[in-house]
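Structure, as structure tokens:
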Amino acid sequence: MKIIFAGTPQFAASALAALLSEHQVVAVLTQPDRPSGRGMQLTASPVKQLALQHGLPVLQPATLKTEEARHSIAVLQADVMIVAAYGLILPKPVLQLPRHGCLNIHASLLPRWRGAAPIQRAILAGDHETGVTIMQMDEGLDTGDMLLRHTCPIEKSDTAQTLQDKLAAIGAASILEALRLLQEGHLVPIKQDNNLASYAPKLLKSEAQIDWRQDAQQIERAVRAYNPFPVCHTHFNGATIKIWQASLCADIQGEPGRVMAVDKQGIIVACGKDALRLEVLQRSGGKAQPVAQFLQSIPAKAGDMFSNPIISER
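For what it's worth, the working numbering labels the leading residue of the sequence shown as 14, then goes sequentially.
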């Protein structure tokens, strides 16, 4: 099949790599290069890097709403467009260009977690499973008919990164399966139940600031959900500290933010309910470190306080 692929991050690159093994990819759509790293140099997306390695034409329009963008897609005369974490809205005229329309690889079990951050929202909510849905795209936000679904358990140790890696592999295999079924005429569209839908909004850096007045379980989920972005952070002795790994300490109570104990395994901090053991930390300008190394540069002792956000009065 002649395929146009649209995607940007590594999650999408995994699917593109799988497609290249079995199908003819005639062009790739990806987001414009963005500044990245400490030098803020323009950097190609993982999808673009893979496409260039295979000599594929790469299109990077800032929007698909222009006649020029639509024409560049129409002339390719593709059978289908595969979309995975692309990041741009596909207007109706673009959705109708390929012979079989546009199929989306979505990292949730639709209709749960429509939107930009389904992996992180699933971890935050304490879901026990998630998965990948191959969906026929329409004009709505992840509202199209479901064509294929595969589940994936969410382990208690999963971060957004580890879960994304699992779902990327499932997504790559799922799109190959969906295309085989499409060619055989065996894909069966199933309408989503809108009453079961939930929304997964884009991540904001501000929501990763820890409020120690929350339950320890919720904070522990946030630490995993926001790893590797935007990373949970807090303030201690005037310094901003990022928390990369933590574990739950049940049945320990204290003033929220108060350090209850310190040892080589972690800094135990009281929360609104129970406590959290901080295990891998990073200070500004430094690297993520196990707590034993971190304490060599920023000491902590029982009785110290981690700051809580100030709640503004309206």
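Ideal Cβ placement from N, Cα and C applies to all residues, glycine included. Quick caveat, the model's predicted, so the values are computed rather than measured.
Contact annotation: I188 and M94 have beta-carbon atoms that are not nearer than 8 Å. Annotation for A26: P59, V60 and L63 place their beta carbon closer than 6 Å to its own, counting only its chain and skipping 5 residues before and after.
By the CB criterion at 8 Å, A129 and K215 fall inside the cutoff. Per DSSP, the unbroken beta strand (DSSP E) holding Q258 starts and ends at A252 to C262. T56 is bridged by DSSP to R47.
Taking each of A138, M150 and T143 in turn and checking the Cα distance to P111, the smallest one comes out for M150. By DSSP's assignment, T143 forms a beta bridge with C165. Annotation: L194 is outside any beta strand (DSSP E); the continuous alpha helix (DSSP H) that includes it extends over A173 to E197. The shortest C-alpha to C-alpha distance from I281 to any of K300, D140 and F319 is the one to F319.
Nearest Cα to L176 within the set S121, K300, G153 and G270: S121.
Remark: three or more beta-carbon pairs, one from each stretch, lie closer than 8 Å, so the stretch 162-172 and the stretch 234-243 are flagged as touching. Counted as a single uninterrupted DSSP element, the beta strand (DSSP E) harbouring L42 occupies residues Q37 to L42. Between G285 and D228, the gap from beta carbon to beta carbon is short of 8 Å. Taking each of H67, D276, G184 and D264 in turn and checking the Cα distance to D287, the smallest one comes out for D264. The three-state secondary structure of K286, taken from DSSP, is strand. Of the other Cβ atoms in all chains shown, 16 or more fall within 10 Å of the Cβ of R125; this residue is therefore buried.
P131 counts as buried, since no fewer than 16 other beta carbons sit within 10 angstroms of its beta carbon.
If you check the CB distance, A213 and R162 do not come in under 8 Å. In this structure, the straight-line span from the alpha carbon of D178 to that of A315 is close to 38 Å. Straight through space, the alpha carbons of A235 and V275 are spaced by roughly 22 Å. In the structure shown, Q231 adopts helical secondary structure according to DSSP, grouped into three states.
Inter-residue distance for T56 and Q44 is about 11 Å (C-alpha atoms, whole angstroms).
Assignment of beta-bridge partners to Y212 by DSSP yields R127. Here A98 carries a coil assignment [DSSP, helix/strand/coil]. Taking every protein chain shown into account, the CB of G279 has 16 or more other CB atoms within 10 angstroms, so this residue is buried.
Burial state of G270 is buried, judged by a 10 Å Cβ sphere holding 16 or more other Cβ atoms.
Residue pairing by DSSP places M148 opposite N117 and M159 in a beta bridge. The Cβ-Cβ distance between I147 and L137 does not fall below 8 Å. Looking only at Q230, D158, E220 and I223, the smallest Cα-Cα distance to V201 is reached by D158.
Taking the Cα positions, C165 is about 23 Å away from N208.
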